[in-house]
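From first to last, the protein sequence lines stand for chains F and B. Each residue of the first sequence is one higher than the one before, counting from 1 in the working numbering. Each residue of the second sequence is one higher than the one before, counting from 1001 in the working numbering. What follows is a single structure, written as structure tokens, with notes after it.
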Amino acid sequence: MKDFKNAEELLALCDEEQKPISEIMRRRECALGETSEEQVQERMARALSIMRQSVTAPLKTSVRSMGGLIGGQARILDAQKESGRELCGDVLSQAITYAMAVLEVNASMGVIVAAPTAGSSGVVPGLLLSLQEHGSFSDGEIINALFNAGAVGYLAMRNATVAGAVGGCQAEVGVAAAMAASAAVELMGGSPRQCLDAASTVLINMLGLVCDPVGGLVEYPCQNRNAAGVANALAAARIALAGIRQIISFDEMLDTMYHVGRRIPYELRETALGGCAATPSGCKFCHT
Amino acid sequence: MSFISVFDVIGPNMVGPSSSHTAGACAIAYLAQKMNNGVLKKADFTLYGSFAKTYQGHGTDHALLGGIMGFATDDIRIRDSFVIARKQGISFSFTPNDQETELHPNTVDIRMENEDGRIMTLRGESLGGGKVRIVRINQVEVDFTGEYNAVIIIQQDRPGVAAHITRCLGDHQVNIAFMRIFRESKGETAYTIVESDERLPDDITAELMVNPHVHDVMLIQK
């Protein structure tokens, strides 16, 4: 099988084969990764099981992070659900709780699945596992959604960046949210084009977001930003599933995101010298 | 461009909090222990750049020590690596170095000392997303990622050694993906790194050692 280098080629392959993005990505992995379908399914199932652990564990026991900036937020959010005063609706509310939970696990040296990075690891499992709970999707369907997300993330890695130090938070949480949005659209029965429209929408809406971790740690505001990521993903998926097209393609948005990222000043690319990290309150946790 | 797997995107599975500062650090040390023949007694780590500044908050120290004991990036024992190392009788130290700033921002030097007194040093870089490379072995500049099965041959820089290596590999039907030779200077110690898609036969080490100019062989299977 020939590899796809951009979203346009991916769409052409989906069209040609009459298959969803997830299936094209799975076939690509088998062919180019020289491995069997059983093996890739098994590996993805393992990722899903780690994801499930990491969204639920902090709801029962909260652990303080290494840097001491976060811990316990997911539990508070979960308790709020019981109060009956729910603002966001079930799917978003649960997704926010889950996304923030993963960052707690991550910041306390628990096991997570980077998706695409550790700092943005809450978005994809947060949204997909919330959707699974509220939409009664099977594990098989969620695994498909993860392959879909993987295709979007692969394009970002190949044609732009997913490193906060290179492209800011838009490249980390932005890309994670684009992945989640596209995966959610496929899960809900949307077309490949709608998936990539949703991914494009996310990048449009998160364009320029800087990476400014307080104290240089993957804790704060990263945890909040993961919650923002699921909200952005859900909004974009909603728009795409309604059949609303985007003027700007995902390929163009990746290109733009990359260019904007490289123009973000050094102080705002994971150096903890600007943004939230440099506010008087944030600076109390400065290292130097 | 090397292949980007779906598991480079949905992955690595890892102990947090940072793919570059934790998972990458673990991966470098993990490679180091694979290259070390013998029982480790002492591991000293010198940290540069961002590693030097934020290693404690990112658990870089725990990850390095876990990796050197053979823990993979998603092994939860990384958390307790200090305690485990002490139990195993491995002594260790971490020294931040903020004087040298010309290096890649996430660089670590590892000095490993074995029970038999053998010492090996290497330098690794964490490139982001858990990807790493080894850039120096015992003061010789190299370039090695551990993404393939590899054999590293430490040899005297003499005519015929490379031919001996390729003959050994050829006899075993090993298809060479990449082969590079790095050396200190003419006639001195050289390092040949051969990478292959397939697993390398375990008895290749003894055959390579037959040549008197071959000092040591490290077999690093994926």
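Idealized CB from N, CA, C, for every residue including glycine. Just so it is clear, the structure is predicted and the values come from calculations on it, not from any experiment.
- Among the CB atoms of chain F, none fall inside 9 angstroms of the CB of His1104 of chain B.
- Close partners of Thr117 of chain F in chain B (Cβ separation under 7 angstroms): Ser1019, Gly1129.
- For the 9 angstroms CB-CB criterion, Met157 of chain F and Gly1129 of chain B form a contact.
- Three or more beta-carbon pairs drawn from the stretch 104-112 of chain F and the stretch 62-73 of chain F are found closer than 8 angstroms, and the two stretches are therefore classed as touching.
- Our two residues, Ile1165 of chain B and Leu1208 of chain B, have alpha carbons roughly 6 angstroms apart in a direct line.
- Annotation: Gly1128 of chain B is outside any alpha helix (DSSP H); the continuous beta strand (DSSP E) that includes it extends over 1119-1128.
- Contacts with chain B at 9 angstroms (Cβ-Cβ) do not include Tyr266 of chain F.
- Closest in alpha carbon position to Arg28 of chain F, among B:Ser1005, B:Gly1057, B:Asp1157, is B:Ser1005.
- The residue among F:Leu69, F:Ala95, F:Ile70 with its C-alpha nearest the C-alpha of Asp78 of chain F is F:Ala95.
- Neighbours of Pro1012 of chain B in chain F, taken as residues whose beta carbon is under 7 angstroms from its own, are Ala114 in chain order.
- With a 10 Å radius around the Cβ and a threshold of 16 neighbouring Cβ atoms, Ile247 of chain F comes out exposed.
- For Thr1145 of chain B, not one C-beta of chain F is nearer than 9 angstroms to its own C-beta.
- Annotation note: the stretch 202-251 of chain F contains the following uninterrupted alpha helix (DSSP H) runs of length 4 or greater, listed N- to C-terminal: 222-241.
- Looking at the backbone, the Cα of Asp251 of chain F and that of Asp1202 of chain B are separated by about 46 angstroms.
- Look at Gly1170 of chain B: its C-beta is not under 9 angstroms from any C-beta on chain F.
- Cβ atoms of Arg1133 of chain B and Gly1124 of chain B come within 8 angstroms of each other, at about 7 angstroms.
- When the beta-carbon positions are compared, Glu1100 of chain B and Lys1041 of chain B stay at least 9 angstroms from each other.
- Contact annotation: Gly229 of chain F and Glu270 of chain F have beta-carbon atoms that are not nearer than 9 angstroms.
- Closer than 8 angstroms at the C-beta level to chain B, one finds these residues of the stretch 46-79 of chain F: Arg46, Ala47, Ile50, Ser65, Met66, Gly67.
- Residues of the stretch 82-109 of chain F that bring their beta carbon within less than 7 angstroms of a beta carbon in chain B comprise Val105, Asn106, Ala107, Met109, in sequence order.
- Secondary structure of Thr279 of chain F (DSSP, three-state): coil.
- For Tyr220 of chain F, there are no C-beta contacts with chain B under 9 angstroms, since the nearest C-beta of that chain is about 12 angstroms from it.
- Where Ser1002 of chain B is concerned, there is no enclosing alpha helix (DSSP H), because DSSP gives it neither an H nor an E.
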